[in-house]
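Taken in order, the sequence shown gives residues -21 to -1, 1 to 94; the numbers are from mature numbering (1 follows the signal peptide of the UniProt record, and there is no 0).
Right, one structure below, let's go through it.
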Amino acid sequence: MTKKWGFAVVAVLAAAGVVMLSGFTASVPSYVSAAQDRVESYLSYSFGPQHCTSNKQQSGVWNISCAAQDGSSQFVYSVNDASDKAYGFTLTALNDRARETQNVDLLTYLEIKSS
């Protein structure tokens, strides 16, 4: 009797793990995660430690929001797929603080557009 319960528990946990893993891997397109990683790295280089998150708007456009760990500033960008570009994405600055990054250090290589 205990072997059956043990097997049932293992099967349920395995199924839950597969569902969770597929949800995490399929929810954010690769170009968005690549953009988020690069923006977070470049902003951290110029402005100190940052934490970036991405979210999908109702219109289907993906936004990346980055905040300084000390809470002093926030940068908001929209990201679009661009397989013809070197990094595979394009960024558009959505707030004033993000627009100020267009010509700063490593961020210049991302060719950030203004909204």
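The beta carbon of each residue, even a glycine, is placed where N, CA and C say it ideally should be.
**Prompt:** To which residues of the same chain is Ser44 closer than 6 Å at the C-beta, ignoring the five residues directly before and after it?
**Reply:** Thr32, Val55
**Message:** Measuring alpha carbon to alpha carbon, tell me which residue in Ser57, Ser51, Thr71 is nearest Lys92.
**Reply:** Thr71
**Asked** Expressed to the nearest angstrom, what Euclidean distance is found between the alpha-carbon atoms of Phe26 and Asp75?
**Response** 15 Å
**Request:** With DSSP collapsed to three states, give me the class of Val58.
**Result:** DSSP places Val58 in strand when its eight states are reduced to three.
**Asked** Around the C-beta of Ala77, are 16 or more other C-beta atoms found within 10 angstroms, so that it is buried, or is it exposed?
**Response** buried
**Prompt:** Using CA coordinates, which residue listed in Val40, Tyr88, Leu89, Tyr21 is at the minimum distance from Ala46?
**Reply:** Tyr21
**First through last residue of the beta strand (DSSP E) which encompasses Leu89** = No beta strand (DSSP E) holds Leu89; DSSP gives it neither H nor E.
**Message:** Within the continuous alpha helix (DSSP H) that includes Leu22, where are the two ends?
**Reply:** 9 to 26
**Asked** CB-CB under 8 Å to Asp84, same chain, minus the five flanking residues each way: which ones, in chain order?
**Response** Tyr21, Tyr24, Ser25
**Item:** Extent of the continuous beta strand (DSSP E) run through Ala77
**Value:** Here Ala77 belongs to no beta strand (DSSP E); instead the alpha helix (DSSP H) covers 75 to 78.
**Request:** Give the range of the beta strand (DSSP E) segment to which Lys35 is assigned.
**Result:** Here the beta strand (DSSP E) through Lys35 covers 29 to 35.
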